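In case it helps, this note's numbering puts the sequence shown at residues 1 to 987. Ideal Cβ positions, reconstructed from N, Cα and C, are used throughout, including at glycine. This structure is a prediction, so every number in the text was calculated from the model and none was measured. First comes the structure, then the notes that go with it.
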Amino acid sequence: MTVSERLVGRDTVLATARAALDDALAGTTQLLLVTGEPGIGKSAVLGRVAAEAAERGCTVLRATCWDGGAPPYWPWIQVLRGVPAAALGPAAEIVAGPGNGATPGADAADSRFRLFDATAALVTRLSGDAGLVVVLDDLQWADDASLRLLEFLARHLGTARVLLLGAYRELGAGLAGLAQVLPLRGLDEAGVAAVMTAVAGPRPDRELARKVWRRSGGNPLFVRELTRLVQAGAGDVVPESVRDILLSRLARLSQPCAELLAVAAVCGRVVRPELLGRLTDAGADVLEEATTARVLTRTGEGLLFSHDLYRETLLEELTAGRRAALHAAAGHALVELRAAGVPVPASEVAAQFLAAGPQSAADAARACALAGAESARRTAHADAAGHYRDALAALDLGAGGPDLPERRQLLADLATALDHAGRTDESRATYRALAELARRLGDPVALAGAALGLHGLGFRSGGVADDHIRLLTEAADALPPDARVLRSRVRTALARDLCQRPEPATERAVAVVREARALAEEADDGETLTLALLAQHDITWRPGSATDRLAIIADMTAAADRADDPDLVAQAVLLRATALLELGDPDGRAQLHAYTRLADGLGHARGRWGARSRRATLALVDGRVDDAIAHAAAALELGVLIGQPDAQAVHATMLLSLGLVRPMAPAGPLIELDPADPVAPMRPMLRAAVLLAAGEQELARAEFRGFAVGTVPQPTYLEMLALAAATAAAVGSTEQREQAHARLAAFAGQHVVVGGCASYSGAVDHHLGMLCAALGRSADATAHLRAALAQYDRLGAPVWAEHARAELDRLSAAPDRVFHRDGPVWTIEYEGRQVLLPHSKGLADLAALLAAPHSEVHASELLGRPVAATGADPVLDDTARRAYRARIAQLDTAIAEAATDAEAKRHETERAELVRAVTAAAGLGRRPRRLGDDAERARKAVTARIHDAVDRILTAHPELGLHLRATVHTGTYCGYRPVGEVRWRVG
């Protein structure tokens, strides 16, 4: 390798990049971002790594971002153009031309997820065994959708052999936590001298090299330009600024070439040859002069400025009027190219007209609106919102005033894009602005659109704003009589909002939804009728209303079938399953299973989330607790990924239901609620329930102490009241238990189904029986529990039946249980049946737990090897890790800037020691290694021993095995937590 071919002063950076490539090829996807100022050498580093990857047999795909109105996903369009069309599959949506892509109206989060997921699958396939390197240059100009896709790939490619390699001027915050970042800094004096030697030949004298180093700041591009000027006869005079450097070089070009470059600068960093041909008469010789001077270079995408600084300098030299005229001419030329069939994105046209200023305002507004629509179709909703804002700003520059009718559609489109981009507050403000404009224009249809848009944004349960209701009422009154469909939909939304107020206006809601249903029936519109029936159903939804709701659901199902809307059909099946489960009808389980099949077949991510979350409920009812936990976790992961609003709440309520049948440690921090949340007053009860599920009975008792059961609001659903009852039965006071029983007794005979089958929390009689048992009312407790047991047997809920049966056993004062060891044999007696089992350590562990019910025993005590209480501390805490990383970064700089080999060697030695220390503090999967591994080994050993013993008992004595599975929990602390008092003779 010759000196001119080397990357001077970048050995450390290249070594880090090669290590990332090694890790990627070993099966761990890597995201590596090179950052630094223009001209610092980012592209050169990317090129070197890409070349070495290609030499190792990797597939290399490249792209360069652009700030000149590029379409959404522009870098990924370039990347995927290097892939055979037949191999693209669903990811072909990215490279579809303007106007193609996702179906208008498709769910935003779902469409984006499907596109990202398809791209991840394609990238994984392309990586194969040889590996794949995706090179993305100039990421500071990437659109929001492209960066989100890059973040998605970095998070979800997992073990694919992929290196995602990018260059940024300034690193975006969204990627900072995912990427390994390599900052490039200016070269030292020796590096500058080496670059000058590579450009000009003889090594410069030290004084000249020092001048160039001082003036250039070590920026390799500036060093090369200064050196060429010196080589051209400028002597050792160093220009005062980089701009002067570039202007000096441009001044050496012919006048026609300079004029060509000025027009090209207006066209953008990447210049379409056909656009340049429409804007200038310059011949091929003039273009050849520009490329020979290395101001422009030819690429597969067109003509490219060799560096942004050339283009920026050229633009600064143009007068404002000349620039505006050239931008307007470029915009019109691009419109002509689109009309001729050239795939020019509307965003590129819009960028030119916007830069042209007020004289092109009308053209800019039209182009921006088209660009917004194109971005929305391709799920780049943040970009779409930006284009619609630009369109509105362009209208403001025109002479039409603030009440132009064109603003109505732009505001509606902007509000939709903001909603889909997750910027709900901005969307809400935009809908309100649309409502104001609709009032001024006297447009009731636009007013209704604004009202429905605000309603569709949703609101916190019990917290709907009165201004929503006022706007919907105003819109309903303003619509003409013949607008039956729109009038019905507005009234449907109004009815639902009326029932969500802190003090529901139920009577008014019933009247409004009745009118909405009648209008839908007059219009003979199946979808609108289904929505009205859904609102009627939700208004009717109260405990004990299942039978009434089934009649409405039957009508809703018929209307959804007539509308041929699979989503509404699936919704009707889910609501039917919910009502039947509330009634304890076993057909509810079949309907819930049918819903999961329908939801999976809907073809969008929201449907898959619905199927996964409701499979968790089905598994919980069926007694497959481990499956319920797994399905719930999978649903949460998908729901968060696609932005499903209910994902966290559905998962939380599932964990609370699971905690009623199996001891569970909290999956995260104990429940924290915004004080404005209507559920906030129930925080002590929720925290106590979580602590109780984790086996922290005394902490739960302290948390629940003083909680007023009357705080639980008059139930729309029963889950909160049932949870309060279960918590009161376990750790509540007599007063709390009596309050819970008084409020719950009216719902005996029903089952507790959370929302639309989001979870299942047992039979109301079960909770009443536990309350009566805790209150000492044994006869009442027995009656309720026997009723619950019969209900569970009818429904098919074995885990819940086991819990009810265990409490009945305790109440019936069954004979003492026996767990006795005689030498190598254990005699075990339960429910009148005796079995003999050979000794094992797990049986001894069980004996220790049975001897101390409702107590917590550390796993190390069961092993007989107590460990220090500090075993959970990490080897390095966060402060120490940050200090190590900061010092390593300092050493990287010191190595790059070392004046002598000895100094560099000293820094490298220190850096290697620090890296070894950080590496030693990391465990599997780079998680922090923790002190006191003996405690973790004890937990694993005891857990395995106890589970093995319970499995052996289950085979020999199934009833006892099921009892132990339901009441024994393992972990760092183990315990036996039966319902009530259970007597065992242990010895």
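Report all residues from its chain with a CB closer than 8 angstroms to the CB of T893; omit the five preceding and five following residues, and keep chain order.
Position 893 of the sequence shown holds residue 893. Closer than 8 angstroms at the Cβ level, and outside the excluded window around T893, lie R185.
Just checking my contact of E522 with D565 at CB under 8 angstroms: how many whole Å lie between their CB atoms?
Taking the first residue of the sequence shown as 1, we reach residue 522 at position 522. Taking the first residue of the sequence shown as 1, we reach residue 565 at position 565. With 8 angstroms as the limit, E522 and D565 do not qualify as a contact, their Cβ atoms being about 20 angstroms apart.
Touch check for the stretch 142-156 and the stretch 12-27: three-plus C-beta pairs under 8 angstroms?
no
Taking 9 angstroms as the threshold (C-beta atoms), are D413 and A384 in contact?
As a first step, residue 384 is located in the sequence shown; it is residue number 384 there, counting from the start. As a first step, residue 413 is located in the sequence shown; it is residue number 413 there, counting from the start. Result yes, Cβ atoms of A384 and D413 sit closer than 9 angstroms.
Note down, in chain order, each residue of its chain lying with its Cβ closer than 7 angstroms to the Cβ of V13, except the 5 sequence neighbours on either side.
In the sequence shown, the residue the question calls residue 13 occupies position 13. So the list reads V45, L182 and L184, once near-sequence residues are dropped.
Report the rounded CA-to-CA distance for T941 versus L691, giving the unit in angstroms.
The residue labelled residue 941 in the question sits at position 941 within the sequence shown. The residue labelled residue 691 in the question sits at position 691 within the sequence shown. This sequence places Ala at residue 941; Thr is not what is there. Between A941 and L691, the C-alpha separation is close to 25 angstroms.
According to DSSP, simplified to helix, strand and coil, what is R977?
Locating residue 977 in the sequence shown gives position 977, counting from the first residue. R977 falls in the coil class under three-state DSSP.
Using a Cβ-Cβ cutoff of less than 8 angstroms, which residues in the same chain neighbour H784 once the five nearest sequence positions on both sides are dropped?
Within the sequence shown, residue 784 is the residue found at index 784, counting from 1. If we look at H784 and ignore the five residues flanking it on each side, its Cβ neighbours are A748, D765, H766, L768, G769 and C772.
With DSSP as the reference, identify every bridge partner of T299, one or two as the case may be.
Sequence index remark: in the sequence shown, residue 299 carries index 299 (1-based). The partner list for T299 (beta bridge, DSSP) reads G302.
Could you check where the alpha helix (DSSP H) with H420 kicks off and where it finishes?
Along the sequence shown, read from residue 1 onward, the residue named residue 420 stands at position 420. Segment E406 to H420, the alpha helix (DSSP H) holding H420.
When the Cα atoms are used, what is the spatial distance from P663 to L115?
As a first step, residue 663 is located in the sequence shown; it is residue number 663 there, counting from the start. As a first step, residue 115 is located in the sequence shown; it is residue number 115 there, counting from the start. Approximately 40 angstroms, taken between the alpha carbons.
Quick check on DSSP: helix, strand or coil for P681?
As a position in the sequence shown, residue 681 is number 681, starting the count at 1. Correct three-state label for P681: helix.
Nearest CA to the CA of Y168: which residue from R589, R882, L136 and A790?
Locating residue 168 in the sequence shown gives position 168, where the first residue counts as 1. Checked all of R589, R882, L136 and A790; the closest Cα to Y168 is L136.
Near L580, what residues of its chain come up, given a Cβ to Cβ distance below 7 angstroms and the 5 sequence neighbours on each side ignored?
Along the sequence shown, one-based indexing puts residue 580 at 580. D587, G588 and Q591.
Under three-state DSSP, which class holds S146?
Taking the first residue of the sequence shown as position 1, residue 146 is located at position 146. In the structure shown, S146 sits in a helix (DSSP, three-state: H, G or I).
Other residues of its chain near A904: CB distance less than 7 angstroms, five sequence neighbours each side excluded
Locating residue 904 in the sequence shown gives position 904, counting from the first residue. These residues qualify, in order along the chain: I895 and A898.
State yes or no: is the C-beta of A356 within less than 9 angstroms of the C-beta of A376?
The residue you call residue 356 lines up with position 356 of the sequence shown. The residue you call residue 376 lines up with position 376 of the sequence shown. No, the pair does not count as a contact, with Cβ atoms beyond the cut-off.
Are A53 and V133 close, meaning C-beta to C-beta below 9 angstroms?
For the purposes of this step, residue 53 is taken as the residue at position 53 of the sequence shown. For the purposes of this step, residue 133 is taken as the residue at position 133 of the sequence shown. In this structure, V133 lies closer than 9 angstroms to A53 by Cβ.
Please return the same chain residues whose Cβ sits closer than 6 angstroms to the Cβ of L568, not counting the five positions on each side in sequence.
For the purposes of this step, residue 568 is taken as residue 568 along the sequence shown, with counting starting at 1. Here the set comprises T530 and A560.
What runs of the alpha helix (DSSP H), each 4 residues or longer, lie entirely inside the stretch 561-586?
566-582
Could you have a look at G166 and say whether DSSP puts it in helix, strand or coil?
Walking along the sequence shown from the start, residue 166 turns up at place 166. Looking at G166 - three-state DSSP - the assignment turns out to be strand.
Is V982 buried or exposed, if buried means 16 or more other CB atoms sit within 10 Å of its CB?
By 1-based counting over the sequence shown, the position of residue 982 is 982. Burial call: buried.
I40, DSSP secondary structure in three states
Indexing the sequence shown from 1 puts residue 40 at position 40. Note: I40 maps to coil in three-state DSSP.
Starting from the C-beta of A339, find all residues in its chain whose C-beta is less than 8 angstroms away, skip the five residues before and the five after it, and write them out in chain order.
Against the sequence shown, residue 339 aligns to sequence position 339. Nothing listed; no residue qualifies.
Name the one or two DSSP bridge partners that A320 has.
As a first step, residue 320 must be located in the sequence shown, where it is residue number 320. Bridge partners of A320: none, in fact.
Taking 9 angstroms as the threshold (C-beta atoms), are A632 and G659 in contact?
Numbered from its first residue, the sequence shown carries residue 659 at position 659. Numbered from its first residue, the sequence shown carries residue 632 at position 632. Against a cut-off of 9 angstroms, the Cβ pair of A632 and G659 comes out as no contact.
For S840, does the three-state DSSP call read helix, strand or coil?
Taking the first residue of the sequence shown as 1, we reach residue 840 at position 840. S840: coil per DSSP, three-state reduction.
Which one of E698, C757, E696 and M682 has the shortest CA to CA distance from L721?
Mapped onto the sequence shown, residue 721 falls at position 721. For the residues E698, C757, E696 and M682, the minimum Cα distance to L721 belongs to M682.
Reduced DSSP secondary structure (H/G/I, E/B, other) of W541
Along the sequence shown, read from residue 1 onward, the residue named residue 541 stands at position 541. In this structure, W541 counts as coil in the three-state DSSP scheme.
Exposure of E288, with buried meaning 16 or more beta-carbon neighbours within 10 Å
Locating residue 288 in the sequence shown gives position 288, where the first residue counts as 1. Classification for E288: exposed.
Opposite Y760 in the DSSP bridges: which residues?
Taking the sequence shown and counting its residues from 1, one reaches residue 760 at position 760. According to DSSP, which records beta bridges pairwise, Y760 is partnered with V753.
Rounded to the nearest angstrom, what separates V638 and R81 at their Cα positions?
As a position in the sequence shown, residue 638 is number 638, starting the count at 1. As a position in the sequence shown, residue 81 is number 81, starting the count at 1. Looking at the sequence shown, residue 638 is not Val but Leu. The alpha-carbon atoms of L638 and R81 are separated by roughly 29 angstroms.
For V968, does the three-state DSSP call read helix, strand or coil?
On the sequence shown, position 968 is the one that residue 968 refers to. In this structure, V968 counts as strand in the three-state DSSP scheme.
Could you check which residue in L533, V83 and E426 has the C-alpha nearest to that of M556?
Indexing the sequence shown from 1 puts residue 556 at position 556. Nearest option by C-alpha distance: L533.
With a CB to CB cut of under 8 angstroms and the five nearest residues on each side skipped, what residues in its chain are close to Q739?
In the sequence shown, counting from the first residue as 1, residue 739 sits at position 739. Counting only Cβ-Cβ distances below 8 angstroms, and skipping sequence neighbours, we find A708, V709, G710 and A728.
Verify whether the separation of the beta carbon atoms of G302 and L575 is less than 9 angstroms.
In the sequence shown, the residue the question calls residue 302 occupies position 302. In the sequence shown, the residue the question calls residue 575 occupies position 575. Cβ atoms of G302 and L575: not closer than 9 angstroms.
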